[in-house]
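In C-alpha cells form, the structure reads like this:
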C-alpha cells in the first residue's frame with residue numbers, strides 16, 4: 071500500500087514514529103506467522119522482536135522492492151528457519167493449545183471438522199520446514215508464489231515445487247490414513 | 243482429501259492456532275524500546291549544535307516561555323550568498339500557533355485554512371484533525387488517513403487520502419470541515435500534494451521505483467491522469483498557482499535542480515535551472531507573484547538551508563532568486579494561506595547526555611537532572627572512567643572523552659579497524675576498572691560482529707570475541723578485577739577471559755524460564771553478573787552455579803525494566819523503563835521509587851542507558867527527545883519586491 075512506502079520513506083528520513091506505526095500495524099500478523107511456523111509462543115515472540123529490531127537497525131539503508139508486509143513476513147519465516155536449523159529441532163505440536171475449529175452452526179460438522187483438522191495439523195507438522203513454510207506463506211499469509219520466491223531468495227519454480235511436493239505429501243499421508 | 247480441502251484445512255488450522263494470539267504489552271514495550279534504540283543508534287545523526295545567533299535565540303526562547311500565541315518581530319540581517327553581496331535589513335513577523343498537543347509527523351504536511359483560522363493535518367494515529375488556531379480546540383474529522391492535506395478554497399472541505407483496509411484500495415476523500423461528512427474524489431490516488439482552486443484537479447506523486455518520483459495531475463471528473471514529469475530522484479512537491487492555471491514542481495536534470503512552471507493545459511513549460519544548490523518544496527505566494535522554496539547550498543564546513551523567493555509574472559520566472567529567511571534547517575513549510583500567513587513546523591532536538599546528582603547512602607537524587615551535552619551526533623552508548631572524572635562516548639569511528647563535570651571535550655580517539663559505514667556500532671561499552679581499555683560491541687571491517695577492546699594508551703583495537711549475530715547488542719561489562727568481561731549473546735549471558743579470549747555461558751535456560759536474558763552488568767563485588775529477564779533482574783555467579791533474584795518488578799504502573807546499572811556499593815540499582823522516568827530500587831528488597839521525571843521536557847522524552855558513576859555521586863543517562871512547534875510567518879517578502887520595484 072502507498073502508506074507503507076510512505077512509512078518506509080519516513081523512517082529513512084529519520085522519523086522514529088514511523089517505526090512505531092509499522093510495528094503497531096504488523097505486529098500481530100508477524101506474531102501469528104511466527105507462531106504457526108514455530109509452534110512455540112516464546113520463540114515466536116523472540117523472532118518478532120529480532121525481526122523488528124533488525125529492521126529498525128537497517129531501515130536507513132533498506133531498499134524495499136516488495137511490499138513491506140511481505141518483507142517482514144519473509145524475515146519472520148527466515149528467522150524461524152534459521153532457528154530450526156540451528157537447533158535441529160523438529161517441529162512440535164503447540165504446547166497447551168487445543169486444536170478446535172472455528173465455531174460452526176452445526177455441532178456435528180464442528181466435531182468432524184475438528185477431527186479432520188487435528189489430522190491435517192499433525193501431518194503438516196511432519197513436513198520438512200521448507201515445504202511447510204511455502205505452504206503457510208501461500209495458504210495462510212496469502213502471498214503469491216512469485217512474492218514468496220523473491221522473499222525467500224529462491225526461484226518461482228522451486229517455490230511451486232516445494233508447495234506441490236508438500237501438498238502431495240500431505241494428501242498421500244491423509245488419504246492413506248483414511249484407508 | 244483433495245488439495246483444495248487440505249488448503250482450506252491448513253488455513254483453518256493456522257487461524258485456529260493464532261486467533262487469540264496477539265502481542266502483549268510487555269512484548270510491545272520490549273520490542274519497541276529495543277527497536278527504537280537500534281534505530282536511534284543507526285541514524286547518521288546530524289550535528290545539532292546550536293549557534294547563538296539572533297534567529298536561534300528568538301526561536302528557542304518560546305519553548306519554555308510562550309505557551310499561547312505570541313508575536314515576535316524579527317530584524318534580520320541577510321547575507322546574500324547569491325548574486326550581489328549586500329545586506330537587506332527588514333522585518334518579518336512570526337507568531338506561534340496556540341499550544342498544539344498533537345504532532346503532525348514530518349512529511350505529512352499540515353495545512354492552514356485559507357482564512358488562517360484552522361490548521362488541519364493527519365496525526366500518527368492516522369486521524370485527520372482540525373485545530374482552531376485561536377483557541378487550540380481540536381476536532382477529529384476522519385480516521386485511517388495519511389499523507390498531506392489540502393483545504394478547499396471555500397474552507398468547507400479538506401482533501402485527504404484514506405488508507406484502504408485489507409483488500410480495499412486507498413481513496414481520496416473530501417471531508418467536510420464542519421460536519422465531517424465525506425465524499426469520494428477518486429480511488430487509488432497518487433500521494434496527494436495539492437488540490438486545484440476550482441476543485442477539479444489534484445496534483446500528486448507516484449513512486450514507480452525506489453528513489454524515483456513522478457509528478458502527476460488527475461482530472462477528478464474523468465480520472466484522467468497526466469504525467470507532468472517522469473521519474474526524478476528528488477521529491478517534486480507540485481503545487482497549483484493561486485489562479486489554478488499553472489503548476490510548479492521540481493525535477494533534477496544532470497545533477498541540477500530544476501524548478502518548473504507549467505501551464506496545466508500543457509501548452510507551456512518554463513524552467514529555472516540556475517540555482518547553485520538543491521531546490522525543494524516550492525510554495526506559491528497567495529497573490530501568485532512569487533514562488534518561495536527551500537534552497538540548500540554546500541558551505542565550507544556545513545550545508546546551508548535558507549528560504550528563497552523567485553518572482554513570477556504571467557507564466558514565466560523573472561530575475562534571480564533572492565533569500566528571504568536564513569537558516570531554515572529545522573523548519574518544515576506547509577502552505578502559504580490566502581490571508582498571507584506562511585505556516586510551518588519547527589523541530590527542536592532537545593535530547594543529549596544528562597547527569598543526576600545522587601546520594602549514595604540513601605539512593606536518592608539530591609538535585610534535578612542537568613543536561614551535560616546537547617545531542618551532537620553521538621549514540622546513546624557511553625561509559626564512565628574509573629576515577630569518575632570523564633565520560634567516553636561513541637561517535638562514528640571514534641571515541642570521544644568529555645569532562646563529567648562540564649561536558650567539555652577532552653580527547654578524541656579514532657577506532658581503526660572497526661566498521662564505519664553503518665553509523666551503527668552495537669550496544670554497550672564499558673571502561674576497564676584498571677583504566678587501560680574500553681570494551682565495546684560492534685563490527686569489524688569484514689562485518690564480523692563481536693566485542694572489541696580499544697587500548698586507551700595507543701588507540702589500538704583488537705577483537706576479543708567474534709559472535710555470529712546481525713545485531714551487536716552484547717552489552718559488555720567489565721569485572722572489577724579487569725580480567726573478565728560478561729556479555730549477552732542469543733538470550734544468554736557469557737563471561738570471557740580477556741587473556742585467552744575463552745568464553746563460557748553462565749546462564750541456564752531453565753532458570754530464566756526459557757526467556758531471553760540480556761543487558762548484563764557485573765556486580766560490584768565481581769562474584770556475579772546481573773541481567774534482565776522479562777520483569778526481573780537475576781544474578782548468576784560467574785561459575786554459573788547459583789542464580790538469585792535481585793528484583794522483580796510487580797508495580798504495573800511502571801513500564802518495565804529497560805536497562806539498569808548497579809550503584810558502586812551494590813546497595814541500589816537504577817533503571818529506566820523506556821519512557822521519561824528513572825527509578826531506583828534497593829537490592830536487598832523494597833519497592834522501586836522514582837528519582838527523576840523528565841516529563842517537563844515532554845511526553846515523548848525518553849531516558850536511556852543510566853550509568854552510575856564509580857564515585858557514586860552521579861548517574862549519567864541519555865535522553866532522546868524532539869519537540870515541535872507550529873508557527874506562522876507574515877511579511878516575509880521585501881516591500882520592494884512586492885511592489886515590483888526590483
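Chains as they are written, first to last, in the working numbering: chain A, 71 to 249; chain B, 243 to 888.
Virtual Cβ for every residue (Gly too), placed ideally from N, Cα, C.
None of the values given here were measured: they were computed from a predicted structure.
{"Asked": "Contact under 7 Å by Cβ, residue 263(B) with residue 105(A)", "Found": "yes"}
{"Asked": "Length-filtered (3 minimum) beta strand (DSSP E) runs lying within the stretch 606 to 676 of chain B", "Found": "612 to 616, 624 to 626, 632 to 637, 640 to 645, 651 to 656, 671 to 673"}
{"Asked": "Status (buried if at least 16 other CB within 10 Å, exposed otherwise) for residue 421(B)", "Found": "exposed"}
{"Asked": "Contacts around residue 765(B), its chain only, beta-carbon distance under 8 Å, and the 5 residues preceding and following it disregarded", "Found": "771, 772, 781, 808, 812"}
{"Asked": "Rounded separation between residue 390(B) and residue 730(B) - CA only", "Found": "43 Å"}
{"Asked": "Residue 375(B) (DSSP reduced to helix, strand or coil)", "Found": "coil"}
{"Asked": "For residue 600(B), three-class secondary structure by DSSP", "Found": "strand"}
{"Asked": "Member of 871(B), 597(B), 776(B) whose CA lies at the smallest distance from the CA of residue 756(B)", "Found": "776(B)"}
{"Asked": "Residue 547(B) in three-state terms, based on DSSP", "Found": "strand"}
{"Asked": "Coil, strand or helix - residue 248(B) by DSSP", "Found": "helix"}
{"Asked": "Spatial distance of residue 219(A) from residue 689(B) (CA atoms)", "Found": "27 Å"}
{"Asked": "Contacts of residue 758(B) in chain A (Cβ-Cβ under 7 Å)", "Found": "116"}
{"Asked": "Counted within 10 angstroms of its Cβ, other Cβ atoms place residue 251(A) as buried (16 or more) or exposed", "Found": "With chain A running from 71 to 249 in the structure shown, residue 251(A) is simply not present."}
{"Asked": "Residue 436(B) burial status per 10 Å Cβ neighbour count (16 or more: buried)", "Found": "buried"}
{"Asked": "CB contact flag (residue 863(B), residue 849(B), <7 Å)", "Found": "yes"}
{"Asked": "The stretch 452 to 471 of chain B contacting the stretch 519 to 538 of chain B, beta-carbon criterion three pairs below 8 Å", "Found": "no"}
{"Asked": "Nearest-angstrom Cα separation, counted from residue 467(B) out to residue 75(A)", "Found": "21 Å"}
{"Asked": "Residue burial classification, residue 588(B) (beta-carbon count within 10 angstroms, cutoff 16)", "Found": "buried"}
{"Asked": "Short CB-CB distance (under 7 Å) between residue 232(A) and chain B", "Found": "no"}
{"Asked": "Cβ-Cβ distance between residue 560(B) and residue 549(B) below 7 Å", "Found": "no"}
{"Asked": "Alpha carbon of residue 346(B) to alpha carbon of residue 645(B), nearest angstrom", "Found": "38 Å"}
{"Asked": "Classification of residue 256(B) by the beta-carbon crowding that lies within 10 angstroms, buried from 16 upward", "Found": "buried"}
{"Asked": "Residues within the stretch 384 to 397 of chain B neighbouring chain A, beta-carbon criterion of under 8 Å", "Found": "388, 389"}
{"Asked": "Separation of residue 635(B) from residue 678(B), as counted between CA atoms", "Found": "16 Å"}
{"Asked": "Burial state of residue 835(B) (16 or more Cβ within 10 Å)", "Found": "exposed"}
{"Asked": "Contacts that residue 253(B) makes with chain A (C-beta to C-beta distance below 8 Å)", "Found": "209, 210"}
{"Asked": "Close beta carbons around residue 368(B), own chain, < 8 Å, minus the five adjacent residues each side", "Found": "385, 386, 387, 388, 405"}
{"Asked": "Three-state secondary structure (DSSP) of residue 348(B)", "Found": "coil"}
{"Asked": "Cutoff 7 Å: residue 480(B) Cβ touching any chain C Cβ", "Found": "Of the protein chains in the structure, A and B, none is chain C."}
{"Asked": "Option nearest residue 685(B) by Cα separation, candidates 639(B), 732(B), 344(B), 860(B)", "Found": "639(B)"}
{"Asked": "Nearest candidate by alpha-carbon position, reference residue 699(B), set 419(B), 581(B), 724(B), 653(B)", "Found": "653(B)"}
{"Asked": "CB contact below 7 Å: residue 476(B) versus chain A", "Found": "no"}
{"Asked": "Beta-carbon proximity of residue 348(B) to residue 85(A), cut-off 7 Å", "Found": "yes"}
{"Asked": "Backbone secondary structure at residue 526(B) - three-state DSSP", "Found": "strand"}
{"Asked": "Any C-beta of chain B under 7 Å from that of residue 86(A)", "Found": "yes"}
{"Asked": "Unbroken stretches of the beta strand (DSSP E), 3 residues or longer, contained in the stretch 743 to 827 of chain B", "Found": "745 to 747, 760 to 764, 770 to 775, 778 to 783, 789 to 794, 805 to 808, 814 to 818"}
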